[in-house]
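Participant: Following the numbering used here from start to finish, the sequence shown increments by one per residue and tops out at 1097.
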Amino acid sequence: MLNLSETALRQLDADALTALLRAAPGTDSFKALWPVVAERETVDLPLVEALFDALDVGGDEVYRAWLDEQAKESAPTPMGLWLTACIREHLGEDALALPVWEVITGADGYGLPGEALLALARVQGRLVQPDAAYVSLRQALRLGIPDVDFWTRADRFYQRLSRKHPAPGQPLKVAVVGSSTTTFFAACLRMVAVRDGFAPTVYEGPYGAWRQEILDPDSGLYAFKPNVTVIATHGRDAALPAFAGEGEAPVEADAQLVDDFKNLWSLLLERCPCTVLQFAFDLPVPESGGALSASDPAGRIRRLRGLNEALRREAPAGVTLMDLEALAAAAPGKWSDARQWLMHKQHPAMAALPPLADACQSLIRAAMGAAKKVLVLDLDNTLWGGVIGEDGLAGIRVGPPHADGEAFVMLQYYARELKERGVLLAVCSKNNEADALLPFEQHEGMVLGLDDFAAFVANWEDKPANLRRIAEELNLGLESFVFVDDSPVERARVRRELPEVAVPELGSDPARYVEILDRGRWFEALSLSGEDRTRAAAYRAEATRRELASTATDVNAFLRQLRMRVSHGPFNENNLARVAQLVGKTNQFNLTTRRHSMEVLERFASSSTAWTQAFSLKDAYGDSGLVGVVVATLGGEKVWEVDTFLMSCRVIGRGLADYMAATLLRAARDNGVTRVTGLYIPTEKNAMVADFYFRYGFAARLDPAEQIRAGAPRHFVFEVQKQELPTVPDGLFEVVTAS
359 MLNLSETALR QLDADALTAL LRAAPGTDSF KALWPVVAER ETVDLPLVEA LFDALDVGGD
419 EVYRAWLDEQ AKESAPTPMG LWLTACIREH LGEDALALPV WEVITGADGY GLPGEALLAL
479 ARVQGRLVQP DAAYVSLRQA LRLGIPDVDF WTRADRFYQR LSRKHPAPGQ PLKVAVVGSS
539 TTTFFAACLR MVAVRDGFAP TVYEGPYGAW RQEILDPDSG LYAFKPNVTV IATHGRDAAL
599 PAFAGEGEAP VEADAQLVDD FKNLWSLLLE RCPCTVLQFA FDLPVPESGG ALSASDPAGR
659 IRRLRGLNEA LRREAPAGVT LMDLEALAAA APGKWSDARQ WLMHKQHPAM AALPPLADAC
719 QSLIRAAMGA AKKVLVLDLD NTLWGGVIGE DGLAGIRVGP PHADGEAFVM LQYYARELKE
779 RGVLLAVCSK NNEADALLPF EQHEGMVLGL DDFAAFVANW EDKPANLRRI AEELNLGLES
839 FVFVDDSPVE RARVRRELPE VAVPELGSDP ARYVEILDRG RWFEALSLSG EDRTRAAAYR
899 AEATRRELAS TATDVNAFLR QLRMRVSHGP FNENNLARVA QLVGKTNQFN LTTRRHSMEV
959 LERFASSSTA WTQAFSLKDA YGDSGLVGVV VATLGGEKVW EVDTFLMSCR VIGRGLADYM
1019 AATLLRAARD NGVTRVTGLY IPTEKNAMVA DFYFRYGFAA RLDPAEQIRA GAPRHFVFEV
1079 QKQELPTVPD GLFEVVTAS
């Protein structure tokens, strides 16, 4: 290699340079190739790795001064800066590496934002800057290429950092039990949770012992007490032959297998109320039975599909079947690897683990109340082709005969389908408002209409400011938003200023917009209620209420104009699914943010020692549906403890919280209760209810040491038989039904 001239070396591509370094490692090779590599405009990680591997072989002590000089004089190219940062790290000079990585991560054109941000996080961690390190790590996970190598490297760093500095974010405990090797899957699962703002802890059950973990009451699974349990089974666990033999009864055998799963689920939920993600059976590849296996009732593929359908049908509340067949179809040639199975009992294959973990995490988000709720859309070159303010109504492309026009229509159909199951749509566009409205009002190719949007903002202000305005208007946190914009500049600005907003990297091809948006799985849900289907209309009605409120001079007078009708009663089979949904996702007006499973809620409903109440609200402008939940349990003789008190943010400010509190305390008095105790557990999102109990006459009963501890639960008490009960102003509500 050293016989080649520098000119000849410059003519080689990255692969050839990497091969030379691998063939002749050592410091001489490093020195010869350094100037050639540093001038390259494209960062190539295998080449960087090979260069520093060569240096490690030769030893760098003699060349420290030379390395220092190269770092100072390196070419200001992407590769030159990258190598400079790597040299500083290599020499243990993290304080000098830090500003270089900051320059790299703050600029465009490097092509590896995830890798650069992970390197920045690593340096910040060593310099004992944990808060900054976690911010960089989460950005790295959002922008990095989701492959196993990247995520496992990120996971190793996260585990080192979190041992010394606990991660910020919502705590999350996930147990993984299964019939194959789960180590790499657990690492990927941890990283998608960190990416989404959680502080995760993952428990891995012993290899292949998932049944034992569920059956044994003293297992590590139950000691861990997870929020979510992932049962990672696969098609081999059904142990089916290619075709059932003559005289065999596959229907009865399959029914027995389904019953076995039902019994295990029931036992798990009874001992450890949690959300269960059960992997459905995937299909064998290759399959000796060919097409007949899918068509013959005795065929393995047909039986596996039948088993999956039966498991979905029989799964109780709290158990969700994950469609592995669909995931495998989306990863052709990557889902299964015979060698990995034979050598390491790894299934699915390593390449399939990131999308599998991402699919799991989308359901975990839903279970933990962190699913996205709002899709915010740009207009020009996002919902239609062209610029309405310049091209005019006739010049924009929406629908046929333009191929890209049809692609924009595909996105509109996708958005409308999301709206129909409860996702709110909003517009955030740099445009004159009159121009922005024109296509919705007059263009026949548009699928979406103005009444599909809960918020519509078109002006020339910056988009982060407008997103904040939309969040305030909808009374939702920005962490509930997904922002879709064709402009890479706007996407980068929103990511930088509003990191809590999800921003898909949309690319430049409108035909792929839907695919890219769908890949994020932002809007997964574990159930679908009537309130979901009418949510957009409810928010439009709320806009009308706000207009009315802006002209009112007296709050109670305004509320009386709404002609509100409240109905409430105990949990029952008709309202329990919606109650579970509210308990699972309400964050802001939620005193404890306890996430009860359906099974636990059913136990509350049937218990003689629990008082439950579900509140629904209608008014002159619409039906808000079931929006409030209260659970009180017996905490001692004649003492009620408030386990859950929550209300949908859609009805905040309408006096319903006053009515709910008064109803709770009145019911306590009617039941001979002498004392009601309450608990406020602070979270990042529920600060609005910090003074809730004080407003209704509760007294704090914390000891001083606990009271001053940041984030500590706060305890309150109301002496029911001694204190005056809170009331609601006359005429504010018409009570339709009560119990």
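Even glycine gets a Cβ: it sits at the ideal position worked out from N, Cα and C.
Measure the CB-CB distance between Val815 and Ala773 and report whether it falls below 9 angstroms.
Facilitator: Contact: no.
Participant: Can you check the segment 551 to 615 for any alpha helix (DSSP H) of at least 4 residues that lies completely inside it and give the ranges in chain order?
Facilitator: The qualifying runs are 568 to 573 and 578 to 582.
Participant: Below 9 angstroms between beta carbons: does that hold for Ala829 and Phe841?
Facilitator: The answer is no: Cβ separation not under 9 angstroms.
Participant: Suppose you measure from the CA of Asn585 to the CA of Arg953; what does that come to, to the nearest Å?
Facilitator: Cα to Cα, Asn585 sits roughly 8 angstroms from Arg953.
Participant: Note the first and the last residue of the continuous alpha helix (DSSP H) segment covering Phe632.
Facilitator: The question names Phe, but residue 632 is Cys in the sequence shown. Note, Cys632: premise wrong, no alpha helix (DSSP H); not H, not E.
Participant: From Ala860 to Pro558, what does the alpha carbon distance come to, in whole angstroms?
Facilitator: Near 19 angstroms, if we compare the C-alpha coordinates of Pro558 and Ala860.
Participant: At 4 residues or longer, what runs of the alpha helix (DSSP H) sit wholly inside the segment 777 to 819?
Facilitator: 791 to 800, all fully within the segment 777 to 819.
Participant: Looking at Thr591 and Cys632, is the spacing between their C-beta atoms short of 9 angstroms?
Facilitator: No. Outside cutoff.
Participant: Less than 7 angstroms between C-beta atoms, sequence neighbours within five positions excluded: which residues of the same chain meet that for Phe811?
Facilitator: Leu783, Ala784 and Val785, listed in sequence order.
Participant: What are the start and end residues of the alpha helix (DSSP H) that includes Arg723?
Facilitator: Its alpha helix (DSSP H) spans residues Leu711 to Ala725.
Participant: Identify whether Thr678 lies in helix, strand or coil by the three-state DSSP scheme.
Facilitator: Strand, per DSSP.
Participant: Could you pull out every residue in the same chain whose Cβ sits closer than 8 angstroms to the Cβ of Arg1027, ignoring the five residues on either side in sequence?
Facilitator: Closer than 8 angstroms at the Cβ level, and outside the excluded window around Arg1027, lie Val1078, Gln1079 and Leu1083.
Participant: Could you check if Thr678 is buried or exposed, using at least 16 other CB atoms within 10 Å of its CB as the buried criterion?
Facilitator: Answer is buried; the Cβ neighbour count reaches 16.
Participant: Counting only runs of 4+ residues fully inside the segment 944 to 970, write out the alpha helix (DSSP H) ranges in chain order.
Facilitator: Correct list: 956 to 964.
Participant: Residue range of the alpha helix (DSSP H) that Glu873 falls in?
Facilitator: Note, Glu873: alpha helix (DSSP H), Tyr871 to Arg877.
Participant: Looking only at DSSP bridge pairs, what is Met1005 linked to?
Facilitator: Note: Met1005 sits in a beta bridge opposite Gly986.
Participant: State the Cα-Cα distance for the pair Asp505 and Ala709, rounded to the nearest angstrom.
Facilitator: Cα to Cα, the separation comes out at about 7 angstroms.
Participant: In angstroms, rounded to a whole number, what distance separates the CA positions of Gly1030 and Gly676?
Facilitator: Distance between the alpha carbons of Gly1030 and Gly676 is about 35 angstroms.
Participant: Is Phe766 helix, strand or coil when you go by DSSP?
Facilitator: Residue state, collapsed to three classes: helix.
Participant: Can you check which of these residues, Asp716, Asp507, Ala684 and Gln528, is closest to Asn945 by C-alpha distance?
Facilitator: Closest option to Asn945, Cα to Cα, is Gln528.
Participant: Return helix, strand or coil for His702, following the three-state DSSP convention.
Facilitator: In this structure, His702 counts as helix in the three-state DSSP scheme.
Participant: At the level of alpha carbons, what is the spacing between Leu362 and Gln497?
Facilitator: Spanning the two alpha carbons is a distance of roughly 42 angstroms.
Participant: Give the range of the alpha helix (DSSP H) segment to which Gly927 is assigned.
Facilitator: Element bounds for Gly927: not the alpha helix (DSSP H) but the beta strand (DSSP E), Met922 to Gly927.
Participant: Once DSSP output is grouped into helix, strand and coil, what is the label at Ala533?
Facilitator: DSSP places Ala533 in strand when its eight states are reduced to three.
Participant: Please say whether Glu407 and Thr435 have beta carbons closer to each other than 9 angstroms?
Facilitator: Not closer than 9 angstroms, so no.
Participant: So, are the CB atoms of Glu645 and Ser653 less than 9 angstroms apart?
Facilitator: Cβ distance not < 9 angstroms, so Glu645 and Ser653 don't count as in contact.
Participant: Just mark Glu571 as buried or exposed, buried being the case when its beta carbon has 16 or more other beta carbons within 10 Å.
Facilitator: Per the 10 Å Cβ criterion, buried.
Participant: Taking three-plus beta-carbon pairs below 8 angstroms as touching, is the segment 700 to 715 in contact with the segment 755 to 773?
Facilitator: No, the segment 700 to 715 is not in contact with the segment 755 to 773.
Participant: Only counting the same chain, and skipping five residues up and downstream in sequence, which positions put a Cβ closer than 7 angstroms to that of Arg368?
Facilitator: The answer, listed in chain order, is Val394.
Participant: How should Ser1097 be labelled, buried or exposed, when 16 other C-beta atoms within 10 angstroms of its C-beta is the threshold for buried?
Facilitator: Model confidence at Ser1097 stands at a pLDDT of 46, short of 50, so the residue's coordinates are unreliable; what they give is reported in the following sentence. The residue is exposed, with fewer than 16 neighbouring Cβ atoms inside 10 Å.
Participant: In the DSSP assignment, the beta strand (DSSP E) including Gly1036 goes from what residue to what residue?
Facilitator: Gly1036 -> beta strand (DSSP E) spans Arg1033 to Tyr1038.
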